[in-house]
Amino acid sequence: MSIISNCTAAALTDAATILVRGNLVAFPTETVYGLGADAANKDAVARLYQVKGRPADHPLIVHISSAAQLDKWASEIPAYAIKLASAFWPGPMTLILPKTDLAKDFITGGQNNVGLRVPEHTVALALLTEFEKQGGLGIAAPSANRFGKVSPTTAAAVSDGLSDYLSKDDLILDGGPCAVGVESTIIDCTKDIPVIIRPGAVTVEIIEDVLGISIGTQSLTTTSNQIKASGLLESHYAPNAKVLLSGVPTAGDGLIALSSVTTPPGVVRLAQPATNEEYAQILYEAFRLADRKGIQRVFVIPPEGSGIAIAINDRLAKSANTKSDSI
Ligand code: TXA
Ligand code: MG
Numbered sequence: 026m027s028i029i030s031n032c033t034a035a036a037l038t039d040a041a042t043i044l045v046r047g048n049l050v051a052f053p054t055e056t057v058y059g060l061g062a063d064a065a066n067k068d069a070v071a072r073l074y075q076v077k078g079r080p081a082d083h084p085l086i087v088h089i090s091s092a093a094q095l096d097k098w099a100s101e102i103p104a105y106a107i108k109l110a111s112a113f114w115p116g117p118m119t120l121i122l123p124k125t126d127l128a129k130d131f132i133t134g135g136q137n138n139v140g141l142r143v144p145e146h147t148v149a150l151a152l153l154t155e156f157e158k159q160g161g162l163g164i165a166a167p168s169a170n171r172f173g174k175v176s177p178t179t180a181a182a183v184s185d186g187l188s189d190y191l192s193k194d195d196l197i198l199d200g201g202p203c204a205v206g207v208e209s210t211i212i213d214c215t216k217d218i219p220v221i222i223r224p225g226a227v228t229v230e231i232i233e234d235v236l237g238i239s240i241g242t243q244s245l246t247t248t249s250n251q252i253k254a255s256g257l258l259e260s261h262y263a264p265n266a267k268v269l270l271s272g273v274p275t276a277g278d279g280l281i282a283l284s285s286v287t288t289p290p291g292v293v294r295l296a297q298p299a300t301n302e303e304y305a306q307i308l309y310e311a312f313r314l315a316d317r318k319g320i321q322r323v324f325v326i327p328p329e330g331s332g333i334a335i336a337i338n339d340r341l342a343k344s345a346n347t348k349s350d351s352i
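The sequence shown begins at 26 in my numbering and counts up one residue at a time.
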């Protein structure tokens with residue numbers, strides 16, 4: 026596996042060819058890095074599941090170059106979904122829509138809907154455009170981390186987590202650190218009104234603004250939820266360290282909090298973002314830093330308020346849920 030940091034047009038043409046041949050390409054998006062495979066190639070997707078270590082009945086998001094490609098994968102597109110696509114694509118939003126026959130069980134986890142997203146990062150968009158030029162229909166890409174681990178926001182983090190599993194014919198495209206830092210907002214568009222099933226940078230407020238209606242949000246960890254979605258499991262996004270959302274850190278513990286919070290003596294400050302946007306951007310790297318430093322307990326003071334703070338709190342709750350009380 027090689028890492029390409031100079032993502033020229035020629036490099037992206039080669040990367041698209043690697044995907045067409047059935048190999049894997051990790052690529053940057055504005056949210057987190059994705060591990061890409063040809064979404065129409067069963068064997069390629071099987072390898073993707075293997076490298077990720079993810080159960081096969083968890084669905085994958087198919088990435089496309091523009092909303093014009095939607096009809097290939099989605100059989101029914103409600104008017105509100107078209108509005109959402111034109112307002113927020115390319116961007117950090119995934120729409121769940123009724124699927125066409127192109128979306129096989131190995132993509133949907135056997136469900137009759139499919140997740141679709143047009144990412145905003147220039148490298149991702151150029152890769153998608155090139156892949157489609159070479160006959161590809163969409164790139165299936167989960168976050169480029171092992172199942173249950175923290176999503177990568179840099180190419181180095183992808184390599185750290187996956188280099189033991191990728192083959193010499195796979196590739197990592199380095200497009201720098203991700204601007205948003207938490208995964209896309211997922212919106213279920215299979216009902217009369219849209220329902221947010223994973224919060225992200227496209228927030229309830231801005232969606233309601235665009236649609237002019239109030240929309241639903243659903244806690245995906247409730248038993249009523251029928252959709253299988255790994256990021257929606259109660260425990261996920263976890264570093265090796267135990268994440269604590271309350272209590273007082275003592276010497277040797279890690280601390281993640283807004284820059285207005287001071288660091289107690291002996292405590293290792295892992296991040297001090299000035300804003301909630303910056304908080305989202307650096308959270309996962311702060312978790313990784315804790316693991317590199319061998320820290321056992323990371324205390325996090327969650328951001329308050331609405332907007333992106335909702336997504337950060339969602340991920341924090343899941344990372345804090347992974348470990349039992351023993352440290
Ligand atoms: O920002 C993102 O969405 C990143 C970048 C790479 O695009 N991707 C990402 O993929 O976060 P992943 O697979 O790590 O998380 C997607 C979540 C999973 O929990 C998956 O189960 C769920 O979305 N999902 C995918 N397709 C779905 C579907 N048809 N119905 C319900 N949930 C779905
Ligand atoms: Mg993920």
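Note that beta-carbon positions come from the ideal geometry of N, C-alpha and C, so glycine has one too.
Here's the rule: buried if 16 or more other CB atoms are within 10 angstroms of the residue's CB, otherwise exposed. What is I164? Residue mapping note: residue 164 aligns to position 139 of the sequence shown, counting from 1. Per the 10 Å Cβ criterion, buried.
C-beta contact flag for L122 and V139 at 8 Å: Residue numbering aside, residue 122 sits at position 97 when the sequence shown is read from its first letter. Residue numbering aside, residue 139 sits at position 114 when the sequence shown is read from its first letter. Taking 8 Å as the Cβ cut-off, L122 and V139 qualify as a contacting pair.
For P327 and S12, the rounded distance between their alpha carbons: Limits of the chain in this structure are 26 at one end and 352 at the other, which puts residue 12 out of reach.
Using a Cβ-Cβ cut-off of 6 Å (strictly less than) and excluding sequence neighbours within five positions of A336, which residues of its own chain qualify? Here residue 336 is taken as the residue at index 311 of the sequence shown, counted from 1. Taken in chain order, the residues that qualify are V207, P224 and G225.
Please report the distance separating the alpha-carbon of D189 from that of S239. Translated into the one-based positions of the sequence shown, residue 189 becomes position 164. Translated into the one-based positions of the sequence shown, residue 239 becomes position 214. Cα to Cα, D189 sits roughly 46 Å from S239.
Alpha helix (DSSP H) runs contained entirely in the stretch 82 to 158, provided each spans 4 or more residues: For the stretch 82 to 158, whole alpha helix (DSSP H) runs of length 4 or above, ordered along the chain, are 95 to 98, 104 to 113, 130 to 133 and 147 to 158.
So is W98 in contact with chain D if we call contact Cβ pairs under 8 Å? Reference to chain D is not applicable here, since this structure consists of a single protein chain.
Could you have a look at G241 and say whether DSSP puts it in helix, strand or coil? The count along the sequence shown starts at 1 and reaches residue 241 at position 216. Here G241 sits in strand by DSSP.
V227: which of L95, L49, I333 and L341 sits nearest, CA to CA? The residue labelled residue 227 in the question sits at position 202 within the sequence shown. Restricting attention to L95, L49, I333 and L341, the CA atom closest to the CA of V227 is found in I333.
State yes or no: is the C-beta of E302 nearer than 7 Å to some heavy atom of ligand 1? Taking the first residue of the sequence shown as position 1, residue 302 is located at position 277. It does not: the Cβ of E302 is nowhere closer than 7 Å to a heavy atom of ligand 1.
6 Å Cβ shell around D199 - same chain, five flanking residues per side excluded: The residue you call residue 199 lines up with position 174 of the sequence shown. Once the five neighbours on either side are set aside, the close Cβ partners of D199 are I28, S30 and A180.
Rounding to the nearest angstrom, what Cα-Cα distance links D194 and T287 in this structure? The residue you call residue 194 lines up with position 169 of the sequence shown. The residue you call residue 287 lines up with position 262 of the sequence shown. Rounded to the nearest angstrom, the two C-alpha atoms are 47 Å apart.
Of the choices A282, Q136, V292 and F312, whose alpha-carbon is the least far from that of T300? Counting from one through the sequence shown, the residue named residue 300 turns up at place 275. Nearest C-alpha to T300: A282.
Proximity test, S184 beta-carbon vs ligand 2 heavy atom, cut-off 7 Å: As a working mapping, residue 184 is identified with position 159 in the sequence shown. No.
Terminal residues of the alpha helix (DSSP H) in which K67 lies: On the sequence shown, position 42 is the one that residue 67 refers to. Segment K67 to K77, the alpha helix (DSSP H) holding K67.
Tell me whether S176 counts as near ligand 3, meaning its Cβ is closer than 7 Å to at least one heavy atom of that ligand. The model on display carries ligand 1 and ligand 2 but not ligand 3.
Quick check: the stretch 201 to 215 against the stretch 296 to 310, are at least 3 beta-carbon pairs closer than 8 Å? Touching, per the Cβ criterion.
Between A266, N137 and E310, which has its C-alpha nearest D82's C-alpha? Position 57 of the sequence shown holds residue 82. Ranking the options by Cα distance to D82, first place goes to N137.
To the nearest angstrom, how far is the alpha carbon of V220 from that of P290? Taking the sequence shown and counting its residues from 1, the one referred to as residue 220 is at position 195. Taking the sequence shown and counting its residues from 1, the one referred to as residue 290 is at position 265. Taking C-alpha positions only, V220 is separated from P290 by approximately 44 Å.
Within 10 Å of its beta-carbon, does D213 have 16 or more other beta-carbons around it, so buried, or fewer, so exposed? Locating residue 213 in the sequence shown gives position 188, where the first residue counts as 1. Buried.
Among the candidates P274, L269, P264 and S285, whose CA atom is the shortest distance from the CA of D316? The residue given as residue 316 occupies position 291 in the sequence shown. For the residues P274, L269, P264 and S285, the minimum Cα distance to D316 belongs to P264.
Using a Cβ-based criterion (distance less than 7 Å to any ligand heavy atom), does E208 qualify as near ligand 2? Residue 208 sits at position 183 when you count from the first residue of the sequence shown. Yes; taking the cut-off as 7 Å, the Cβ of E208 has a heavy atom of ligand 2 nearer than that.
Nearest-angstrom Cα distance between A41 and L153? In the sequence shown, the residue the question calls residue 41 occupies position 16. In the sequence shown, the residue the question calls residue 153 occupies position 128. The C-alpha of A41 lies about 8 Å from the C-alpha of L153.
With 16 as the cutoff for other CB atoms within 10 Å, does V70 come out buried or exposed? The residue you call residue 70 lines up with position 45 of the sequence shown. Classification for V70: buried.
Near K77, which residues of its chain fall below 7 Å by C-beta distance, leaving aside the five closest residues on each side in sequence? Position 52 of the sequence shown holds residue 77. L60, P167, R171 and F172, listed in sequence order.
Determine the DSSP secondary structure at I307, reduced to helix, strand or coil. As a first step, residue 307 must be located in the sequence shown, where it is residue number 282. In the three-state reduction of the DSSP assignment, I307 falls in the helix class, which pools H, G and I.
Cβ neighbour criterion (16 or more within 10 Å) applied to T178: For the purposes of this step, residue 178 is taken as residue 153 along the sequence shown, with counting starting at 1. Its Cβ being crowded by 16 or more others within 10 Å, T178 is buried.
Could you say which of T119, L150 and L85 lies nearest to L358 if we only look at CA atoms? Here the chain comprises residues numbered 26 to 352, so residue 358 is not present and cannot be evaluated.
Would you say the beta carbon of A166 is closer than 7 Å to some non-hydrogen atom of ligand 1? Counting from 1 along the sequence shown, the entry for residue 166 is found at position 141. It does: the Cβ of A166 is within 7 Å (strictly closer) of some heavy atom of ligand 1.
Spatial distance of A36 from K174 (CA atoms): Taking the first residue of the sequence shown as 1, we reach residue 36 at position 11. Taking the first residue of the sequence shown as 1, we reach residue 174 at position 149. Distance between the alpha carbons of A36 and K174: 29 Å.
Within the continuous beta strand (DSSP E) that includes K318, where are the two ends? For this step, residue 318 is matched to residue 293 along the sequence shown. Boundaries for K318: no beta strand (DSSP E) harbours it, and the DSSP string shows neither H nor E there.
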